[in-house]
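For reference, the structure is listed below as structure tokens.
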Amino acid sequence: MSKPKTLFEKVWEQHLVAQPANEPALLYIDLHLVHEVTSPQAFEGLRLTGRKLRRPDRTVATVDHNVPTIAADRLVIKDDIAARQIDALRRNCKEFGVELYDVDSRDQGIVHVIGPELGLTKPGMTIVCGDSHTSTHGAFGALAFGIGTSEVEHVMATQCLPQSHPKTFRISVEGELPQGVTAKDVVLGIIGRIGTDGATGYVIEYAGSAIRSLSMEGRMTICNMSIEAGARAGMIAPDQTTFDYLKGRRFSPQGAAWDQAVAAWSQLRTDEGATFDRELVIPAVELTPYVTWGTNPGQVIPITAEIPGADPAASEADRRGVERALEYMGLTPGTPMEEVTINRVFLGSCTNSRIEDLRAAAAVVSGYRVHPSVNAIVVPGSHLVKEQAEREGLDRIFRQAGFEWREPGCSMCLGMNPDILQPGDRCASTSNRNFEGRQGRGGRTHLVSPMMAAAAAIKGHFSDIRTWEFKGEEVNV
Amino acid sequence: MQPFRKLQATVMPLDRVNVDTDQIIPKQFLKRIERTGYGDFLFFDWRQDPGFEINQPRYRNAQILVAAKNFGCGSSREHAAWALDNYGFRCVISSSFADIFHSNAGKNGILLITLSEDQVNTLLQRAKQHEGYKLTVSLEENTLSDDHGFSTTFKVDSFRRYCLLEGLDDIGLTLRYKDDLDKFEKQHDRDFWLTPKSA
Chain A
20 MSKPKTLFEK VWEQHLVAQP ANEPALLYID LHLVHEVTSP QAFEGLRLTG
70 RKLRRPDRTV ATVDHNVPTI AADRLVIKDD IAARQIDALR RNCKEFGVEL
120 YDVDSRDQGI VHVIGPELGL TKPGMTIVCG DSHTSTHGAF GALAFGIGTS
170 EVEHVMATQC LPQSHPKTFR ISVEGELPQG VTAKDVVLGI IGRIGTDGAT
220 GYVIEYAGSA IRSLSMEGRM TICNMSIEAG ARAGMIAPDQ TTFDYLKGRR
270 FSPQGAAWDQ AVAAWSQLRT DEGATFDREL VIPAVELTPY VTWGTNPGQV
320 IPITAEIPGA DPAASEADRR GVERALEYMG LTPGTPMEEV TINRVFLGSC
370 TNSRIEDLRA AAAVVSGYRV HPSVNAIVVP GSHLVKEQAE REGLDRIFRQ
420 AGFEWREPGC SMCLGMNPDI LQPGDRCAST SNRNFEGRQG RGGRTHLVSP
470 MMAAAAAIKG HFSDIRTWEF KGEEVNV
Chain B
29 MQPFRKLQAT VMPLDRVNVD TDQIIPKQFL KRIERTGYGD FLFFDWRQDP
79 GFEINQPRYR NAQILVAAKN FGCGSSREHA AWALDNYGFR CVISSSFADI
129 FHSNAGKNGI LLITLSEDQV NTLLQRAKQH EGYKLTVSLE ENTLSDDHGF
179 STTFKVDSFR RYCLLEGLDD IGLTLRYKDD LDKFEKQHDR DFWLTPKSA
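Top line first, the protein sequences correspond to chains A and B. Just so we're on the same page, my numbering is the position in the first sequence counted from 1, plus 19. Just so we're on the same page, my numbering is the position in the second sequence counted from 1, plus 28.
Encoded structure:
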């Protein structure tokens, strides 16, 4: 009998083109997702060296990082440099024969939202993109990771990548998730435990009954933030939930081919007895709704906790890091998190902008008004998400409450488009990074789940979703 | 790519943990479509503070950066490596680096050296203490030393070391395996459940 293998090892071995001695392995790449920000220099590299794009049929592009989210501003983009970058992508896709989901396409959206919803993302694939949140696609049992622009060019030219063999790390969340604890809280709880470099050099496999109970949207949220723990990738074994999500998607196999595909995908699970380089088991009951207080995603506390100070037992560098974060965030140790007031709310990003996220937030908002001192926006992850939400009347709930209902894109997650925080703004954000200046210079970001962001928008301060009075009309959560 | 063999240069200390790529090069500079011209925007937000190390004349010609743990975490933007390179940094020393940054640095001829936290602290202190503090790096001999008695060896992945020493382009190296690739791809394409558009 062959040696038991992990999910990661199975996918890795199915993509080994060559394994030269004393060199990284050459890994075949099934799907290359491209966007406007990290690709222009790569296309230019191909032109300069006279190389071709090897597999246009395994390459798909969209515009997401730079695009304005106000409809009237999308056709003629006022920011000349952004417009030039988007034009460059259009010219490059035309010249090299790459399918582009442009601003006016019904399929445009955040690259990590559209890949799965169109059925481009599939279990067992290797997927790369010049974006660190490519780890999102691991929710389908794909090996998916972010790459730099030199690697983008490398994949364009060769459809493979030299990769050193990562270590493996299984994180099992066991038991039923407590009420009010969402996928976002699970992953924030994990990063809070292992730190922002806790998984550097590893591919994580998320397992356990709490993970298996999650929808594909929830699984994507968790895999999405693997990179925030430093991991190369995050993966979840495909199961019936995965197959149900994929069935009937535009690029999913159909008919007899579907059955054959499901049979192949069903092999993609960690064998009994397979070993990992590291294991962590977290009882689901220990998890709560979380809020980040600092300037990296590992600086996170339960909603009911107080802002911490520097740990006297920590190293001097770590203590200074905490003091610096407190100063940047304008927070005093000992302040209850629920007393921290906010003036901005961002509901969106590749972490939390899918239909289920919008439904959960709408259920909280329904029947309430946004606090008068808060500006709140909802940015659906894609046009398809936006259309679905509008069919369900979610846009009406958000608008009636005083939220702005925007067009799809990365938006205020990283503020490359006009959606940014002003210095001193404090934001409850469903995105993935609370780095200094990430959402705008001098802006202060607190990462939370969509429900917690919605509650903060109404109250004007952070609020424990477990005690929320849902009073609106029924939303199909 | 410029080969990296030996370097003796001024050291700039950056005594901060978890320096993320958003700090190394903020988003507003990612809209450019060139590979060059990022040097003036390196640590853009931090350099608004006149006391920040880059603004101090004593570090003006620094080519070696020493920083605390988990340097380069966050976004995959290669602009971070370009900004360091365009500014003139050819070597970064820390007790740990984030994965994607590690790869991006190597592809731009920047040598990353991982030392213990104690060693990094020693170098940070010396760079702050002695004006004009220099380190000598030899990738040929895997050694790092200063004029004050500090001397150590360091390890770099053997393939990365070879590419840095020779200044080799990765794509050219991969194409040595073109026959393997052609053969693999022909077989692999039959697995339609692993193709993006299988409908």
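The C-beta atom is built at its ideal place from N, Cα and C for all residues, glycine as well. Since the model is a prediction, treat every value here as computed from it, not as a measurement.
- Task: Return the chain-ordered list of same chain residues with a C-beta closer than 7 Å to the C-beta of lysine 22 of chain A, the five sequence neighbours on each side being excluded.
- Result: Walking along the first sequence from the start, residue 22 of chain A turns up at place 3. Cβ within range, chain order: n/a, list empty.
- Beta-ladder partner(s) of leucine 35 of chain A, from DSSP: To locate residue 35 of chain A, count along the first sequence from 1; it is residue 16. Paired residue(s): A:Leu46.
- Roughly how many angstroms separate the alpha carbons of methionine 29 of chain B and isoleucine 138 of chain B, rounded to a whole number? Start at 1 with the first residue of the second sequence, and residue 29 of chain B comes out as number 1. Start at 1 with the first residue of the second sequence, and residue 138 of chain B comes out as number 110. Answer to the nearest angstrom: the Cα atoms are 10 Å apart.
- Task: With 7 Å as the C-beta to C-beta threshold (strictly closer), list the residues of the region 87–110 of chain A near chain B in chain order.
- Result: Ile100, Ala101, Arg103, Gln104 and Ala107
- 6 Å Cβ shell around leucine 108 of chain A - same chain, five flanking residues per side excluded: For the purposes of this step, residue 108 of chain A is taken as the residue at position 89 of the first sequence. The residues are Glu55.
- Query: Over what stretch of residues does the beta strand (DSSP E) that includes methionine 40 of chain B continue unbroken?
  - Reply: Reading the second sequence from its first residue, position 12 is the one you call residue 40 of chain B. Counting along the chain, the beta strand (DSSP E) containing methionine 40 of chain B begins and ends at 34–42.
- Which runs of the alpha helix (DSSP H) spanning at least 4 residues fall entirely within the region 364–450 of chain A, listed in chain order? 374–384, 402–410 and 413–420
- Query: So leucine 196 of chain A is in the alpha helix (DSSP H); what residue range does that whole segment cover?
  - Reply: Locating residue 196 of chain A in the first sequence gives position 177, counting from the first residue. Run containing leucine 196 of chain A: none; DSSP gives neither H nor E here.
- Identified DSSP bridge partners for phenylalanine 188 of chain A: As a working note, residue 188 of chain A is residue 169 in the first sequence. Paired residue(s): A:Ile223 and A:Arg297.
- proline 31 of chain B: first and last residue of the uninterrupted alpha helix (DSSP H) it sits in: Here residue 31 of chain B corresponds to residue number 3 of the second sequence, with the count starting at 1. It is not in any alpha helix (DSSP H) - proline 31 of chain B carries neither H nor E in the DSSP assignment.
- Query: lysine 156 of chain B versus chain A: which residues are under 7 Å apart at the beta carbon?
  - Reply: Taking the second sequence and counting its residues from 1, the one referred to as residue 156 of chain B is at position 128. Going along chain A, no residue has its Cβ under 7 Å from lysine 156 of chain B, so there is no contact; the nearest lies around 13 Å.
- Message: If I measure Cβ to Cβ from glutamine 33 of chain A and keep anything under 8 Å in the same chain, skipping five residues before and after, which residues do I get?
- Response: By one-based count along the first sequence, residue 33 of chain A stands at place 14. So the list reads Gly143, once near-sequence residues are dropped.
- Task: Give a yes or no on contact between the region 258–272 of chain A and the region 206–226 of chain B, applying the rule of three or more CB pairs nearer than 8 Å.
- Result: yes
- Cα-Cα separation between leucine 366 of chain A and tyrosine 264 of chain A, rounded to whole angstroms: The sequence position of residue 366 of chain A within the first sequence is 347, counting from 1. The sequence position of residue 264 of chain A within the first sequence is 245, counting from 1. So the alpha carbons of these two residues sit roughly 23 Å apart.
- Task: Only counting runs of 4 or more residues, tell me where the alpha helix (DSSP H) segments fall wholly within the region 66–128 of chain A, in order along the chain.
- Result: 99–115
- Using a Cβ cut-off of 7 Å, which residues of the region 437–452 of chain A contact any Cβ in chain B, in chain order? Arg452
- Message: Is the beta carbon of histidine 184 of chain A closer than 8 Å to that of alanine 40 of chain A?
- Response: Position 21 of the first sequence, counted from the start, is the residue given in the question as residue 40 of chain A. Position 165 of the first sequence, counted from the start, is the residue given in the question as residue 184 of chain A. Contact: no.
- Query: What is the DSSP secondary structure of phenylalanine 164 of chain A, counted as helix, strand or coil?
  - Reply: As a first step, residue 164 of chain A must be located in the first sequence, where it is residue number 145. Reduced to three states, the DSSP call for phenylalanine 164 of chain A is strand.
- Message: Please classify glycine 160 of chain A as buried or exposed, where buried requires at least 16 neighbouring CB atoms within 10 angstroms.
- Response: Within the first sequence, numbered from 1, the residue matching residue 160 of chain A stands at position 141. Answer is buried; the Cβ neighbour count reaches 16.
- Can you tell me the Cα-Cα spacing of glutamine 12 of chain A and alanine 408 of chain A, whole angstroms? No answer is possible for residue 12 of chain A: the residues shown for chain A start at 20 and end at 496.
- Item | C-alpha gap between tryptophan 424 of chain A and arginine 415 of chain A, whole angstroms | Start at 1 with the first residue of the first sequence, and residue 424 of chain A comes out as number 405. Start at 1 with the first residue of the first sequence, and residue 415 of chain A comes out as number 396. Their Cα atoms are separated by approximately 9 Å.
- Query: Does any C-beta atom of chain A lie closer than 8 Å to the C-beta of cysteine 101 of chain B?
  - Reply: Position 73 of the second sequence, counting from 1, holds the residue named residue 101 of chain B. Chain A contact via Cβ: present.
- Message: Alpha carbons only, please: which of B:Ala133, B:Val47, B:Arg33 and B:Lys97 is nearest the one belonging to histidine 107 of chain B?
- Response: On the second sequence, position 79 is the one that residue 107 of chain B refers to. Closest by alpha carbon: B:Ala133.
- Message: Does chain A have any CB closer than 8 Å to the CB of histidine 216 of chain B?
- Response: Position 188 of the second sequence, counted from the first residue, corresponds to residue 216 of chain B. True, the Cβ-Cβ gap to chain A drops below 8 Å.
- Item | Sequence-distant residues of its chain with Cβ nearer than 8 Å to glutamine 104 of chain A (five each side left out) | For the purposes of this step, residue 104 of chain A is taken as residue 85 along the first sequence, with counting starting at 1. Answer for glutamine 104 of chain A: Glu55, Val56, Pro59 and Asn85, listed in chain order.
- Message: Using the Cβ count rule (16 or more neighbours within 10 Å means buried), how would you classify alanine 90 of chain B?
- Response: Taking the second sequence and counting its residues from 1, one reaches residue 90 of chain B at position 62. So alanine 90 of chain B ends up on the buried side.
- Item | Beta-carbon separation (whole angstroms), serine 448 of chain A vs glutamine 458 of chain A, contact threshold 8 Å | The residue given as residue 448 of chain A occupies position 429 in the first sequence. The residue given as residue 458 of chain A occupies position 439 in the first sequence. About 7 Å; that satisfies the 8 Å criterion.
- Message: Judging by CA-CA distance, which residue of B:Tyr190, B:Gln51 and B:Ile82 is the nearest neighbour of valine 39 of chain B?
- Response: Numbered from 1 along the second sequence, position 11 holds the residue referred to as residue 39 of chain B. It is B:Ile82 whose Cα lies nearest to the Cα of valine 39 of chain B.
- Item | Alpha-carbon to alpha-carbon, histidine 465 of chain A and asparagine 362 of chain A | The sequence position of residue 362 of chain A within the first sequence is 343, counting from 1. The sequence position of residue 465 of chain A within the first sequence is 446, counting from 1. Each residue's Cα considered, the two are about 12 Å apart.
- Close beta carbons around cysteine 432 of chain A, own chain, < 6 Å, minus the five adjacent residues each side: Residue 432 of chain A sits at position 413 when you count from the first residue of the first sequence. Closer than 6 Å at the Cβ level, and outside the excluded window around cysteine 432 of chain A, lie Ser368 and Ser450.
- Item | Environment of threonine 155 of chain A [buried if 16+ CB atoms lie within 10 Å] | Position 136 of the first sequence holds residue 155 of chain A. Label assigned to threonine 155 of chain A: buried.
- Residue from A:Gly340, A:Ile100, A:Met175 and A:Leu137 whose Cα sits closest to the Cα of arginine 66 of chain A: Against the first sequence, residue 66 of chain A aligns to sequence position 47. Considering only alpha carbons, the answer is A:Met175.
- What does alanine 176 of chain A touch in chain B if you count any residue whose Cβ is under 9 Å from its own? Translated into the one-based positions of the first sequence, residue 176 of chain A becomes position 157. Ile199, Thr202 and Leu203, listed in chain order.
- Query: Which bits of chain B does glycine 220 of chain A rub up against, with CB to CB less than 7 Å?
  - Reply: Here residue 220 of chain A is taken as the residue at index 201 of the first sequence, counted from 1. The contacting residues are Asp127.
- Nearest candidate by alpha-carbon position, reference glycine 386 of chain A, set A:Ser334, A:Pro427 and A:Trp487: Within the first sequence, numbered from 1, the residue matching residue 386 of chain A stands at position 367. Here the closest residue by C-alpha is A:Trp487.
- Query: Quick one: what does DSSP say glycine 195 of chain B is sitting in, helix, strand or coil?
  - Reply: Working through the second sequence from its first residue, we reach residue 195 of chain B at position 167. Reduced to three states, the DSSP call for glycine 195 of chain B is coil.
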